Each structure stands twice: as structure tokens, then as C-alpha cells.
Ligand SMILES: *[C@@H]1O[C@H](CO)[C@@H](O)[C@H](O)[C@H]1NC(C)=O
Ligand SMILES: *[C@@H]1O[C@H](CO)[C@@H](O)[C@H](O)[C@H]1NC(C)=O
Ligand SMILES: *[C@@H]1O[C@H](CO)[C@@H](O)[C@H](O)[C@H]1NC(C)=O
Ligand SMILES: *[C@@H]1O[C@H](CO)[C@@H](O)[C@H](O)[C@H]1NC(C)=O
């Protein structure tokens, strides 16, 4: 009897050891550690005198020629957060940036009547089926705050438009800027929106749909992590004010529906990354398992520490986020991009001199270096910062 139990125990133990020794690909979320940051910000006030408050959210994408293109929400004027425009910046090496063009300059209307009062949360999204880039962004109404809540940016609505030409040439277009009010498509808007409430949906508050990052699931269906903020007064929903949730669509341009496996679509459950303090998730594929996903978020409430990082096997179910510490805090991450071997070689000396990892760790198996671009508050002007993180799945 005893020996039979021992045998069973032994079998269980060896099974556990086997599982530990050989985790399924992507089963374990990599650890993300900042291993290099230049001692100065890459975009600052002196580089654009016409921008009075800096850059907040957006993304950096990689072109096929290896260079980088950034689209970011520029808080160029006053009222701050209302007089907005989308700035496109380019860089060859990730360090030196120059402004290329301005898109979607907002009306800064402040009587609540214009959904293009402010432009925020821009992304370049690549549609591989069409080999075409799209620009997406959030349009808001704006008005003085009152008993209904905070109204500088409300009823966030997601607009998008394809580039007029295929391939990376589309990134050099203006995405129909001259006639965008007529031609931008609404891809997602808040359900049953009333500025004075009621607020029936846990993941949809007064700010509306305040971010939208679209990516493809393994079966080809599009998914998007979408944000909101419960800026209504009072906020009757327990938990964080900034939850995110999922929407899905057969095509990048829609039709998009809120993802609710358990019931009616608008009442989608929130995706709990950090208790509802998540802004601007950006999703990409993982280096340890290219079919799995990871994301970065602005971790509201802990922006002095860094940014959030979380993993998903299937793009639908997400693990809780961990904090990636940055030396200067982080307002909003602009996504992660894999470094090329040439870039790793070019930065190896700087990374070692920075002192977080040594040469053994730099070249360790089951690790990868990625660019981590982000913005950060400096008091007066929100600057753009380049950094490098190491992902480690040992
Ligand atoms: C701003 O950036 C420019 C270009 O990198 C640099 O020369 C300048 O010293 C920076 N200024 C501040 C205040 O960081
Ligand atoms: C607050 O302002 C908005 C936008 O102008 C308006 O629609 C709403 O009715 C106002 N709420 C209250 C309580 O006055
Ligand atoms: C793909 O997977 C998602 C998530 O499980 C599901 O909602 C969707 O219906 C699937 N699409 C197809 C075409 O099967
Ligand atoms: C690098 O750091 C690791 C972890 O601290 C340590 O185990 C290893 O000995 C170090 N290697 C060298 C060459 O210093």
C-alpha cells in the first residue's frame, strides 16, 4: 500500500519536474526590465515651438526600410487637452527625431457640439490582408465641466481611415486629412451614450471609448482592447475609473461589436489588467512565442514608477499586469518593437555601461531586446523618451 502511494507520488513529482523543465511555448510571461535609457529625452519643447504642452499618447511603428515612424497626440494649444493635433515624426536610429507632418488638427470647440473638438490616441494599424496602413484615433466632444462630470474630452468615438496607397508609401500620405470630417469612418462608438447618464455598462463611462488598439487573433478575427473612463458624476461603478474591455470584428474597418461571451454585447465584461487603472493598451506579438501576445499600458495612479506589461496566450484572456520600472516614470507607452541584431550590436556597449545587466545576461538564451518608447511628464512639457527593455523567459 505504502509503496503504491510512493510510486504515485514519485510519478506525480517527475511529471511536475517535467512540466517545470519544459513549459509549453509561451506559457510563461517574460519578465520585462528596462536596461537602457538615454540621459535626455528624444523630443522636447525646444524641438517644436508651436507645441505648448508636449506629446501624450500614440505609437511608434517600424517601416520595412528599418526606420521608425511615430504618430502622437500633440497638446499644442489651449484649452490644454482640447486644442489638439496628431503629429507624425520620423527617426532612422530611434534617437534623433524630426517632425514630418500634422494630421487631424482639432476644432477645440467647447460647447459640446463637435465630435472633433479634440483628437487623441492615434495609432498606425497595419492591415496585412490589404497590405495597407490605417490611421485610427479618438474624437471627443468638449465643454466646460458641470454637475454631469468632467467634460473636456467626452463621448470618445473611434475614427479610422486607410491610406490611399498600399504598403509603407501609405505612411507618407496624409490619410485624407483635407476632407477627414467627411471620409473618416466611425469604427466604434459608445453604446447608448447620454451625457447625463444613466451609465448601464461597467466598461463605458462619460469619456466614451477613449482608446482603441486593434490586432488579429490567431483565427484571423480582429480584436481590439478599448478603454474608457468613468468621468461621470457620481461614478456608480466600483473599481478603477479606467477599465479596458474587448471588441471584435471580421475586418479592421468593422463592424465592431463589444466582446461578451456571456450575454448582450454592450454589457461586455472588463479585462482586468490592474484593477481598472489602464490607459492606452498597445498589443504586439511575443518573442518567446510569436503566436502569443503581450501589451503595454499607462498604469494610471502609478505613473511615477513606470508602465504596465501583461501577457496573453490567445489575445482574449489577459494575465494581470506587472510594473516595468523606468528611471523617470512614464505617462504613456508607445508600444514595444523588437530590435534588430544590428541595433543590439550598436547599443551593446551603452547597455552594459548603463549597468542593469552584464554581458552574460545581455547574451543569455531565451531573452530578447525591444525598443520601449514612451512619454513622460516633466512638469511643463510632456517629452518623448526612447528606452530599451530586455524580455527574459528563462
Ligand atoms: C532638447 O533636445 C535637443 C535635441 O536632442 C537637445 O539638444 C536639447 O539639449 C534638449 N533640451 C532639453 C531641455 O532637454
Ligand atoms: C453639462 O454640459 C453638457 C454639455 O454642454 C450638457 O449636455 C449637460 O446637460 C450639462 N449637464 C448639466 C447637469 O447641466
Ligand atoms: C475567432 O476567435 C474569437 C475569440 O475566441 C471568436 O470570438 C471568433 O468568433 C472567432 N472567429 C471565427 C471566424 O471563428
Ligand atoms: C552577471 O550577473 C548575474 C546575475 O547577477 C551573475 O550571476 C553573473 O555571475 C554575472 N556575470 C558576470 C560575467 O559578471
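Numbering (my numbering), first residue to last: 76 to 469. Built from N, CA and C at the ideal position, the CB exists for glycine as well. Remember, predicted model here, so these are calculated numbers, not experimental data.
Here's a check: name, in chain order, each residue in its chain whose Cβ is nearer than 6 Å to the Cβ of residue i, leaving out the five neighbours to either side.
i           : result
residue 401 : 109, 381
residue 292 : 298, 390
residue 194 : 159, 161, 179, 181, 212
residue 226 : 218, 220
residue 431 : 110
residue 243 : 138, 139
residue 128 : 150, 155
residue 312 : 277, 305
residue 268 : 230
residue 172 : 117, 118, 164, 166
Below 8 Å between beta carbons: does that hold for residue i and residue j?
i           : j           : result
residue 214 : residue 241 : no
residue 354 : residue 302 : yes
residue 449 : residue 409 : yes
residue 238 : residue 207 : yes
residue 333 : residue 324 : no
residue 359 : residue 111 : no
residue 363 : residue 441 : yes
residue 394 : residue 405 : no
residue 322 : residue 263 : yes
residue 458 : residue 118 : yes
residue 250 : residue 230 : no
residue 270 : residue 223 : yes
residue 327 : residue 145 : no
residue 331 : residue 120 : no
residue 287 : residue 317 : no
For my contact list, residue i and residue j are in at a C-beta cut-off of 8 Å; report their separation, rounded to the angstrom.
i           : j           : result
residue 306 : residue 329 : Rounded, the Cβ-Cβ distance is 26 Å, inconsistent with contact.
residue 356 : residue 300 : 4 Å
residue 147 : residue 132 : 7 Å
residue 234 : residue 205 : 18 Å between Cβ atoms; not a contact.
residue 445 : residue 411 : 4 Å
residue 163 : residue 176 : 5 Å
Count the other CB atoms, across all protein chains shown, that sit within 10 Å of the CB of residue i; report buried if there are 16 or more and exposed otherwise.
i           : result
residue 139 : exposed
residue 95  : With a pLDDT of 46 at residue 95, under the threshold of 50, the modelled position of that residue is not reliable, and no figure is offered here.
residue 285 : buried
residue 283 : buried
residue 337 : exposed
residue 155 : exposed
residue 170 : exposed
residue 295 : exposed
residue 142 : exposed
residue 254 : exposed
residue 340 : exposed
residue 454 : exposed
residue 273 : exposed
residue 365 : exposed
residue 116 : buried
residue 197 : buried
residue 289 : buried
residue 424 : exposed
residue 439 : exposed
residue 421 : exposed
Output needed for residue i: all residues of its chain with C-beta closer than 7 Å, excluding positions within five of it in sequence on either side, in chain order.
i           : result
residue 348 : 319, 372, 383, 385, 393, 395, 396
residue 184 : 192, 217
residue 123 : 174
residue 443 : 362, 413, 466
residue 107 : 384, 399, 464, 466
residue 468 : 103, 105, 363, 441
residue 80  : Unreliable placement is indicated for residue 80, whose pLDDT of 43 sits below 50; the coordinate value is still reported in the next sentence. There are no such residues.
residue 345 : 277, 278, 318, 319, 320, 351
residue 125 : 151
Just to confirm my understanding: we take residue i, look at its own chain, exclude 5 residues before and 5 after, and list those with CB closer than 8 Å. What are they?
i           : result
residue 427 : 433, 434, 437
residue 452 : 378, 404, 406
residue 470 : Residue 470 lies beyond the range of the chain shown here (76 to 469); nothing can be said about it.
Can you list, in chain order, every residue whose CB sits closer than 5 Å to a heavy atom of ligand 5?
Summarising the ligand content, the structure contains ligand 1, ligand 2, ligand 3 and ligand 4 and does not contain ligand 5.
With ligand 3 as the reference, list in chain order each residue whose Cβ lies under 6 Å from any of its heavy atoms.
With 6 Å as the limit, the residues whose C-beta approaches any heavy atom of ligand 3 more closely are 292, 294, 296, 323, 391, in sequence along the chain.
Can you list every residue whose CB sits closer than 6 Å to some heavy atom of ligand 2, going in chain order?
In chain order, the qualifying residues are 187, 218, 221, 222, 223, 226, 270, 271.
Any residue whose CB is nearer than 5 Å to a heavy atom belonging to ligand 4, listed in chain order:
Put simply, the residues with a CB less than 5 Å from any heavy atom of ligand 4 are 433, 435, in chain order.
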